[in-house]
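The opening position of the sequence shown corresponds to residue 92 in the numbering used here, with each subsequent residue numbered one higher.
We put the beta carbon where it would ideally sit given N, CA and C, even for glycine.
Because the structure is a prediction, the values reported are computed rather than measured.
Notes follow the structure.
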Amino acid sequence: MDVKILKNKTEMSKAAAAYGAEVIRKVIAEKGSVNMIAATAPSQFEMMSFLVKEPGIDWSKVTLFHLDEYIGLPAGHKAGFRLNLKENFINKLPCQLAEVFFVNGDTDDPAAFCAEMKKIMADHPVDIAFIGVGENGHIAFNDPPADFDTDEAFLVVKLDEACRRQQLGEGWFPTFDAVPTHAFSMSVPQIFKSKVIVNVVPDKRKAQAIKGMLEGPVTNTCPCSILQNHPCCATFLDEASASLLSK
C-alpha cells in the first residue's frame, strides 16, 4: 500500500483528487471509458470538490457506482447517500456521466436488488474506487467482523453500534434510535476487485482504525486491514488520522 501523509485535510483531499484524476484520464485514454466507485461520507466531500474541478476529464465516459445506502430511507432523505452523492459530486460535474448505478435503499425486494447488482458489476469491471474508512475500521458498511469471503457484490448488513454512533455524531440523525439498523453495502471482495483504490481518510477520530489498517494484522475485525493486500491502493491521510502510527 502506498501511503501519503499530508499536513491537513485540504492538502490531503487535493492530493487524492489529483492522483485519482490522473488514473481516470489514463484509463479513458487507454480504453475509452471508466468504471468508477464513489463513497459518499463527509470525509470524501472536500476531495470530491477538487475532483470535479480537475481538467481534462471527459465525465461523459465515466460510469459511476455507489457504495452503500441505508435500508428504508427515501431517496431524498438528508442522511441518504444518494442525495449526498448527487449534491456533492454528480450535480457539480461539467457534463452528465455515462451512467450512474445508485444503491436503492427503499426497494421492496433487497434480495432482488443484490442479485441485479451482482450481474451489472460483473459486466463493469471497476477501474478506480474512491473509498474511506470508518471509525470502527469499516470500508463501505462492512462493519467488523466483515465477510472477506463472500462472492456477492452487495450485501444486506446489520450496522454495529460504533457505526451507528458515528452517523449520529456526524449530525445525520437527531437521536441514536433514529439511525437505521441495516444497510446495503458493496462487499469487501467486490471493492477489492477494483484495479486502483484511492483511500481517503482524514480526522483524529479515525486514527485508531488507521493504526489497525497499516500496523495490525489483516483481520476481518479491522476490515480496512484487507487493503494491505491490494496490489494498487493509495491511501491519503492527514496528520490527525496518522497521529497514532509508530512510523
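When DSSP labels each residue in this structure, what does residue i get in the three-state scheme?
{"i": "I128", "result": "strand"}
{"i": "C323", "result": "coil"}
{"i": "I288", "result": "strand"}
{"i": "I162", "result": "coil"}
{"i": "K338", "result": "coil"}
{"i": "D268", "result": "helix"}
{"i": "V94", "result": "strand"}
{"i": "F192", "result": "strand"}
{"i": "T101", "result": "helix"}
{"i": "I148", "result": "coil"}
{"i": "N233", "result": "strand"}
Could you spell out the range, first to last residue, of the beta strand (DSSP E) harbouring residue i?
{"i": "I317", "result": "It is not in any beta strand (DSSP E) - I317 carries neither H nor E in the DSSP assignment."}
{"i": "M277", "result": "273-277"}
{"i": "T154", "result": "153-157"}
{"i": "V224", "result": "No beta strand (DSSP E) holds V224; DSSP gives it neither H nor E."}
{"i": "L246", "result": "245-249"}
Should residue i be labelled buried (16 or more other beta-carbon atoms within 10 Å of its own) or exposed?
{"i": "G262", "result": "exposed"}
{"i": "F267", "result": "exposed"}
{"i": "K122", "result": "exposed"}
{"i": "A203", "result": "exposed"}
{"i": "P308", "result": "exposed"}
{"i": "A130", "result": "buried"}
{"i": "D240", "result": "exposed"}
{"i": "E137", "result": "buried"}
{"i": "E160", "result": "buried"}
{"i": "P235", "result": "buried"}
{"i": "G147", "result": "exposed"}
{"i": "G111", "result": "buried"}
{"i": "D242", "result": "exposed"}
{"i": "K338", "result": "exposed"}
So residue i and residue j are supposed to be a Cβ contact under 8 Å. How far apart are they, rounded?
{"i": "V224", "j": "M304", "result": "6 Å"}
{"i": "F327", "j": "M103", "result": "5 Å"}
{"i": "A331", "j": "P293", "result": "7 Å"}
{"i": "I128", "j": "F156", "result": "5 Å"}
{"i": "V217", "j": "L188", "result": "V217 to L188, Cβ: 15 Å. No contact."}
{"i": "V143", "j": "F180", "result": "7 Å"}
{"i": "V194", "j": "F275", "result": "5 Å"}
{"i": "V279", "j": "N233", "result": "5 Å"}
{"i": "A244", "j": "K295", "result": "Contact flag wrong, Cβ pair sits at about 33 Å."}
{"i": "C315", "j": "I230", "result": "5 Å"}
{"i": "V291", "j": "F221", "result": "7 Å"}
{"i": "I219", "j": "G196", "result": "Going by Cβ atoms, the distance from I219 to G196 rounds to 24 Å, so no, they are not a contact pair."}
{"i": "P201", "j": "W150", "result": "That belief does not hold up - the Cβ atoms of P201 and W150 are roughly 30 Å apart, past 8 Å."}
Tell me which residue opens and which closes the alpha helix (DSSP H) that residue i is part of.
{"i": "K177", "result": "172-179"}
{"i": "K297", "result": "Counting along the chain, K297 falls outside any alpha helix (DSSP H), and DSSP gives it neither H nor E."}
{"i": "E137", "result": "133-142"}
{"i": "A202", "result": "201-213"}
{"i": "L184", "result": "No alpha helix (DSSP H) contains L184, which DSSP labels as neither H nor E."}
{"i": "A253", "result": "252-260"}
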